[in-house]
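Report on one structure; see the data block that follows.
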Amino acid sequence: MSTAIKLDDVSFQYPSNEKIKNKNNNKQEKSCKILKHVNVEFESGEVCAIIGSNGAGKSTLARIIDNLLQPTSGDITIEGKQYKTLKQHDITSLVGYIFQNPNDQIFNSTVHKEITYGIKNINNDLYRRIVNLTGLNDKENTNPFNLSFSERKFINIASALLREPHIIIMDEVTGGLDKLQKMRLVKILNYLHTINVTVLFITHDMEFAYKNCQNALILDNGNVLYKGSIESAFQNVEIVRRAHIDQPIIVQIMNALEINYINTDNPICALAKYIANRNNH
């Protein structure tokens, strides 16, 4: 697998209006550092959950990758090309961003117009596949604001997919989704993985992330605590404690029973096997 995105010693801070005295007793602006010397790589086709408590730096990291914010220091490369050498439209063609609030990205009068907005040459086969995948095939002539808040999220996803980006950032997209909509989202993630699109999945939904993401990037107070297998991440009690996050329920059960579930195809199957063995003794 090739590297899709690489962040090399990336930091970011917002200036503050608050004044503090420096060592020379002169007043200067106090800054708020959100990201601190982040070094991380994401592989092509990787589905990675970005996890951390509120204020950990998740959305700031995503906005830097999408070039909505520029890092205070450090370098970013996408498919081997430095961001500094690329124009905004080059990055926009490579990175799709689905915002937490779908209303921030919807401006057109029909679902069809919204999905296809700004695309000159529409691939009709791809368009049809995407509207079917996102469950919008019977809503194309509907005003987006006549759909539910959660359905509007799929409009934004469809719009991003039709542009065929190499990286997609999904910011808290599971919020407000019902069970069937989450199943639809799983199919979308599986589709993106099969076509080698990198997915950065910002979430507080640990259950969904554990079941559907391969890897995890865990942030705490702007620092990278962990990057690697999501199963190993949640088994590490110290990382979970420092990140102020909860283990998925299945992980809590497995740990309580001291069942080794790492590198198993399905932890639930491992639990079922454990129960069956207990019943046979």
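What the sequence shown shows, in my numbering, is residues 3 to 283, in sequence order. Built from N, CA and C at the ideal position, the CB exists for glycine as well.
Are residue i and residue j closer than 8 Å when you measure CB to CB?
{"i": "V113", "j": "I66", "result": "no"}
{"i": "G54", "j": "I169", "result": "no"}
{"i": "T200", "j": "S4", "result": "no"}
{"i": "A160", "j": "L194", "result": "no"}
{"i": "T176", "j": "T205", "result": "yes"}
{"i": "I232", "j": "A258", "result": "no"}
{"i": "D68", "j": "I197", "result": "no"}
Identify which residue in the options has its Cα closest to the Cα of residue i.
{"i": "K89", "options": "Q72, N105, P104", "result": "Q72"}
{"i": "F14", "options": "N238, K60, I7", "result": "K60"}
{"i": "N145", "options": "F156, E116, P167", "result": "E116"}
{"i": "S234", "options": "N217, D222, N223", "result": "N217"}
{"i": "N110", "options": "I93, L227, N148, I255", "result": "N148"}
{"i": "K35", "options": "D222, K181, I157", "result": "D222"}
{"i": "N126", "options": "T94, L164, I157", "result": "L164"}
{"i": "D207", "options": "Y228, K229, L179", "result": "L179"}
{"i": "N143", "options": "K122, T118, N123", "result": "T118"}
Since residue i and residue j should fall inside the 8 Å C-beta cutoff, what is the C-beta to C-beta distance between them, to a whole number of angstroms?
{"i": "A51", "j": "F203", "result": "5 Å"}
{"i": "S152", "j": "Q183", "result": "6 Å"}
{"i": "N225", "j": "L191", "result": "Not really, about 27 Å apart at Cβ, beyond 8 Å."}
{"i": "L63", "j": "V40", "result": "7 Å"}
{"i": "P167", "j": "L96", "result": "6 Å"}
{"i": "I251", "j": "L273", "result": "At roughly 11 Å, the Cβ-Cβ gap does not stay under 8 Å, so I251 and L273 are not in contact."}
{"i": "D10", "j": "G57", "result": "In fact, because the Cβ distance is near 24 Å, the residues do not count as touching under 8 Å."}
Under the DSSP definition of a beta bridge, which residues are partnered with residue i?
{"i": "V42", "result": "L9"}
{"i": "A51", "result": "F203, A218"}
{"i": "Q183", "result": "Looking at the DSSP assignment, Q183 forms no beta bridge with any residue, so it has no partner."}
{"i": "S111", "result": "DSSP, once it has assigned bridges, lists no residue as partnering S111."}
{"i": "S150", "result": "Paired residues: none, contrary to the question."}
{"i": "G230", "result": "A218"}
If you measure from the CB of residue i, is any heavy atom of the ligand GTP nearer than 7 Å?
{"i": "I247", "result": "Summarising the ligand content, the structure contains no ligands, and the ligand GTP is consequently not present."}
(message) Under 8 Å: do the segment 84 to 100 and the segment 123 to 139 share three or more Cβ pairs, one atom per stretch?
(response) no
(request) Determine contact between the segment 242 to 249 and the segment 74 to 85, defined as no fewer than three beta-carbon pairs at a distance below 8 Å. (result) no
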